[in-house]
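Using this note's numbering, the first residue of the sequence shown is number 205, and each one after it goes up by one. Yeah, the Cβ is synthetic: ideal placement off N, Cα and C, and Gly gets one too. Here the structure is a predicted model, which is why all the values come from computation and not from measurement.
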Amino acid sequence: MRLNRTTFILLCTSLLFGKSYTIDNVNIESTIGGDGIVQITEKRTFNFRGRFSYAYQKIEKKLFKEIYDIQLSENGYQYINNSSSEPYTFTVTSNKKSIKIKWFHESEDISKEFVISYKLRGALRIGPDDAQFHWTYLGDKWDKKTKQFSVEQRFERVLPAGDIWYSATGISQKKMDVDYDGLVLTLHTRSVGKNASIRINTIFPSTYLYNPVINDHGFSKINELDKINKRVQKRSTTGYLALLFSIGSMILFGFRFSQYGKPHPVKKSSEMGNNLNFPSNHHPALVSFFYSGHKVTGHAILASLIGLSSKGYYTIKDIEKTKKSFFRKKEKTKKYIEVIRIEKPVENKLHHLDQLLLSRINKCLRKGKNTLEKIFKEIGGDYGFMKSLNKAIDKDIVTNQWVEKPSSKSTKLYFFLHFIMILIMIFLFTSNILAGILSIIFLLLMGLFGSFGVMRLSLEAKSYRHYWRKFSTQLQKEGLPKNHDLDMNEILQYAIVIGCDKKVKGLLKDFTPIGDDHAFYWYHGVGDGNLDMDSFTSSLAGMIDTGTAVSAGFGGDGGAG
Numbered sequence: 205m206r207l208n209r210t211t212f213i214l215l216c217t218s219l220l221f222g223k224s225y226t227i228d229n230v231n232i233e234s235t236i237g238g239d240g241i242v243q244i245t246e247k248r249t250f251n252f253r254g255r256f257s258y259a260y261q262k263i264e265k266k267l268f269k270e271i272y273d274i275q276l277s278e279n280g281y282q283y284i285n286n287s288s289s290e291p292y293t294f295t296v297t298s299n300k301k302s303i304k305i306k307w308f309h310e311s312e313d314i315s316k317e318f319v320i321s322y323k324l325r326g327a328l329r330i331g332p333d334d335a336q337f338h339w340t341y342l343g344d345k346w347d348k349k350t351k352q353f354s355v356e357q358r359f360e361r362v363l364p365a366g367d368i369w370y371s372a373t374g375i376s377q378k379k380m381d382v383d384y385d386g387l388v389l390t391l392h393t394r395s396v397g398k399n400a401s402i403r404i405n406t407i408f409p410s411t412y413l414y415n416p417v418i419n420d421h422g423f424s425k426i427n428e429l430d431k432i433n434k435r436v437q438k439r440s441t442t443g444y445l446a447l448l449f450s451i452g453s454m455i456l457f458g459f460r461f462s463q464y465g466k467p468h469p470v471k472k473s474s475e476m477g478n479n480l481n482f483p484s485n486h487h488p489a490l491v492s493f494f495y496s497g498h499k500v501t502g503h504a505i506l507a508s509l510i511g512l513s514s515k516g517y518y519t520i521k522d523i524e525k526t527k528k529s530f531f532r533k534k535e536k537t538k539k540y541i542e543v544i545r546i547e548k549p550v551e552n553k554l555h556h557l558d559q560l561l562l563s564r565i566n567k568c569l570r571k572g573k574n575t576l577e578k579i580f581k582e583i584g585g586d587y588g589f590m591k592s593l594n595k596a597i598d599k600d601i602v603t604n605q606w607v608e609k610p611s612s613k614s615t616k617l618y619f620f621l622h623f624i625m626i627l628i629m630i631f632l633f634t635s636n637i638l639a640g641i642l643s644i645i646f647l648l649l650m651g652l653f654g655s656f657g658v659m660r661l662s663l664e665a666k667s668y669r670h671y672w673r674k675f676s677t678q679l680q681k682e683g684l685p686k687n688h689d690l691d692m693n694e695i696l697q698y699a700i701v702i703g704c705d706k707k708v709k710g711l712l713k714d715f716t717p718i719g720d721d722h723a724f725y726w727y728h729g730v731g732d733g734n735l736d737m738d739s740f741t742s743s744l745a746g747m748i749d750t751g752t753a754v755s756a757g758f759g760g761d762g763g764a765g
């Protein structure tokens, strides 16, 4: 039967759980009459587990003009066509697209065979010399597997095998056994999966019909086979073209990546020895970018805050607050790190990233949010500030050409080539749907990523990354040389952004940015060592509180250790 949407949906009216059913066997018989009428009988064996009360089936109207003489039976017992909804009755309703046959039964833990039969007028395509019956015996909307499936399509009188042409499609030819004996065309297959479709296309001489009424003057077996061959050829061509485009896309991407995405090699140097120097004197936020590859991190903000403190804009100290519970007599003490503003004119030479952060922290302090935790939460929830900070870092990156990207001309060419390939596959999509979908998705991803995702650090920036990571590793392993002349404030700032202080990391893990956008996240470095020097063995609060070797006081002018 013609079922673009052939499905049996069996609905339960009981309260039992765990019910199910299987379709053990489907046998469909069709007879093409000499008068042009096609009679179809469908037999389906259901195995019910649980209680079921009715089922329905839809037959689409696409390839016939009229359906009539609909009958239904169960194990030989004839159903009655009425609207009572009683067992052993069925109804037939019609809309623009389909015929719906609904029948009522009582079935519980039993196997039953339902038989539906009907006749079709206008189901044949008739030309001057040839006629066609092209029917979907199993639609692709079945939601159940079928254990056994067979079709017997017969003629009323013998037609020599050389006079007819037939083709069965929908599942692999290896899974179907199709034969024609001069009178009956048979098809057998086992274990038809869900949503599988089985169609049989048959072309035979129109002289088989008693009084053929031509309804398609352009139809002939030669023309139809030519169309079929062209579709097969187009499908094959589409598959090869999809493969060719995919390979071509990978070649284009590989060439593009080798030119613009492959990291620059960095010449290795010897160990630091006693002559310790910072790999560069950039702002901690930029060093964070070199080290981690991320533009805005919590470590970079913390290091910048400490840098502002060392320049005399803030005093940072640890405080204790005691809270007494209403329900408990025991008091709870919690330590905080407090930030106190020092009134001081902003220096013109202050780095523009520090200026942004200074303005935002002052805003927090004016709102009474004066602890490190509150400041970080406030900043983390300020999308506008994080965006401006990102832009400021981007400006430095662009100005110094630290990130290399393909030229605009090459990007446009790469994108245009992929756009053309995608358009071609969209045009050929219906010829080979699977190959079309896969190739379009692949080309789209390769086109977008290759156009906008290929970039690399410049040789200068790659060198900075290499040496800052090397600096971090050596600090963690060897500590600072005894006779170094580096500013301890700077060491602390850089140590934070290159992951050298375990205590600082532990503190940062407790801070969570607010807001749904998660404007920045914590970066905990490549390694997880501890800086081997006395001044960094205590927590950040302890370092600030004692003010020992790090500086004369974070609120002061700083100085060398």
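Cα-Cα separation between glycine 765 and leucine 690, rounded to whole angstroms: Here glycine 765 scores only 24 on pLDDT, less than 50, and its place in the model is too uncertain to base an answer on.
Around the C-beta of threonine 393, are 16 or more other C-beta atoms found within 10 angstroms, so that it is buried, or is it exposed? Answer is buried; the Cβ neighbour count reaches 16.
Pairwise C-alpha distance: glutamate 524 and lysine 538: Note on geometry: alpha-carbon atoms of lysine 538 and glutamate 524 lie some 6 angstroms from one another.
4 or more residues per run - each alpha helix (DSSP H) lying fully within the segment 212 to 268: Qualifying alpha helix (DSSP H) stretches: none in this window.
Rounded to whole angstroms, what's the CA-CA distance from tyrosine 384 to histidine 309? Just pull it up for me. Their backbone Cα atoms lie some 37 angstroms apart in a straight line.
By Cβ distance, which residues of its chain are closer than 6 angstroms to serine 315, with the 5 residues on each side in sequence left out? For serine 315, where only same-chain residues beyond five positions count, the Cβ hits under 6 angstroms are Asn251.
Does the structure place the segment 560 to 569 close enough to the segment 619 to 633 that three or more beta carbon pairs sit under 8 angstroms? Because the criterion of three Cβ pairs below 8 angstroms is not met, the segment 619 to 633 and the segment 560 to 569 do not touch.
Lysine 674 - containing beta strand (DSSP E), residue span: Run containing lysine 674: none in the beta strand (DSSP E); it sits in the alpha helix (DSSP H), 663 to 682.
Give the straight-line distance between the Cα atoms of arginine 169 and glycine 374, rounded to the nearest whole angstrom. No information on residue 169 is available, as it lies outside the stretch 205 to 765 that the chain covers here.
Under 8 angstroms, do serine 508 and proline 488 count as touching if we go by C-beta distance? Result yes, Cβ atoms of serine 508 and proline 488 sit closer than 8 angstroms.
Under 8 angstroms, do aspartate 558 and leucine 512 count as touching if we go by C-beta distance? Yes.
Buried or exposed by the 16-neighbour rule on C-beta atoms within 10 Å, applied to glutamate 535: By the 10 Å Cβ count, glutamate 535 comes out exposed.
Does DSSP put glutamate 524 in a helix, a strand or coil? Annotated three-state conformation of glutamate 524 is strand, per DSSP.
In whole angstroms, what is the alpha-carbon distance linking alanine 723 and glutamate 682? Because alanine 723 carries a pLDDT of 31, less than 50, the predicted location of this residue cannot be relied on, and the following value inherits that uncertainty. Looking at the two C-alpha atoms, the distance is approximately 35 angstroms.
Take serine 462 and list the residues in its own chain whose beta-carbon comes closer than 6 angstroms to its own, dropping the five residues that flank it on each side. Taking serine 462 as the centre and dropping the five residues before and after it, the same chain places no C-beta closer than 6 angstroms to its C-beta.
From leucine 387 to aspartate 420, what does the alpha carbon distance come to, in whole angstroms? Straight-line Cα distance between these residues: approximately 25 angstroms.
Find the nearest neighbour of lysine 486 within the set Gln697, Thr406, Ser563 and Tyr412, judged by alpha-carbon distance. With the sequence shown as reference, residue 486 is identified as histidine, and lysine is not the correct amino acid for it. Ranking Gln697, Thr406, Ser563 and Tyr412 by CA distance to the CA of histidine 486 puts Gln697 first.
Going by C-alpha distance, which of Gln261, Ala639, Asp313 and His670 is nearest phenylalanine 449? The alpha carbon of phenylalanine 449 has as its nearest neighbour, out of Gln261, Ala639, Asp313 and His670, the alpha carbon of Ala639.
Taking only the alpha-carbon atoms, compute the straight-line gap between cysteine 704 and phenylalanine 675 and give it to the nearest angstrom. Looking at the two C-alpha atoms, the distance is approximately 10 angstroms.
Other residues of its chain near isoleucine 284: CB distance less than 6 angstroms, five sequence neighbours each side excluded: Thr293, listed in sequence order.
C-alpha distance - leucine 328 paired with glycine 343, whole-angstrom precision: Those two C-alpha atoms are separated by around 19 angstroms.
For lysine 578 and phenylalanine 459, I'd like the C-alpha separation in whole angstroms. Each residue's Cα considered, the two are about 49 angstroms apart.
Would you mind giving the Cβ-Cβ distance between isoleucine 541 and glycine 516, rounded to the nearest angstrom? I have them listed as a contact below 8 angstroms. No, isoleucine 541 and glycine 516 are not in contact; Cβ-Cβ is about 18 angstroms, not under 8 angstroms.
Spatial distance of alanine 162 from arginine 673 (CA atoms): Only positions 205 to 765 of the chain appear in the structure, and residue 162 is not among them; the question remains open.
Whole beta strand (DSSP E) runs in the segment 354 to 399 with 3 or more residues, listed along the chain? Within the segment 354 to 399, the complete beta strand (DSSP E) segments of 3 residues or longer fall at 369 to 373, 380 to 384 and 388 to 396, listed in chain order.
Using the Cβ count rule (16 or more neighbours within 10 Å means buried), how would you classify histidine 555? So histidine 555 ends up on the buried side.
Could you give the DSSP three-state label for histidine 309: helix, strand or coil? Correct three-state label for histidine 309: strand.
Report the option in Gly497, Glu551, Gly237 and Ile263 whose CA atom is closest to the CA atom of threonine 340. Closest by alpha carbon: Ile263.
Count the other C-beta atoms from every protein chain shown that fall within 10 angstroms of the C-beta of leucine 744, then say buried if there are 16 or more, exposed otherwise. For leucine 744, the pLDDT reaches just 47, beneath the cut-off of 50, and the residue's location in the model is therefore unreliable, although a value from the coordinates is still provided. Within a 10 Å sphere around the beta-carbon of leucine 744 sit 16 or more other beta-carbons, which makes this residue buried.
Where glutamate 547 sits in the DSSP three-state scheme: Of the three classes helix, strand and coil, the one that applies to glutamate 547 here is coil, per DSSP.
Sequence-distant residues of the same chain with beta carbon closer than 6 angstroms to isoleucine 274, five excluded per side: The residues are Val296 and Tyr322.
Endpoints, beta strand (DSSP E) assigned at phenylalanine 408: According to the DSSP assignment, phenylalanine 408 belongs to the beta strand (DSSP E) that extends over 402 to 409.
Name the two residues that bound the continuous alpha helix (DSSP H) containing threonine 442. Per DSSP, threonine 442 belongs to the alpha helix (DSSP H) from 425 to 464.
Starting from serine 655, follow the beta strand (DSSP E) in both directions and report where the run begins and ends. Careful: serine 655 lies outside any beta strand (DSSP E), inside the alpha helix (DSSP H) at 637 to 656.
Find out if the Cβ-Cβ distance for the pair serine 492, histidine 503 is shorter than 8 angstroms. A contact, by the Cβ cut-off of 8 angstroms.
Does the segment 409 to 419 come into contact with the segment 584 to 603, if we say contact requires no fewer than three beta-carbon pairs (one atom in each stretch) closer than 8 angstroms? No, they do not touch.
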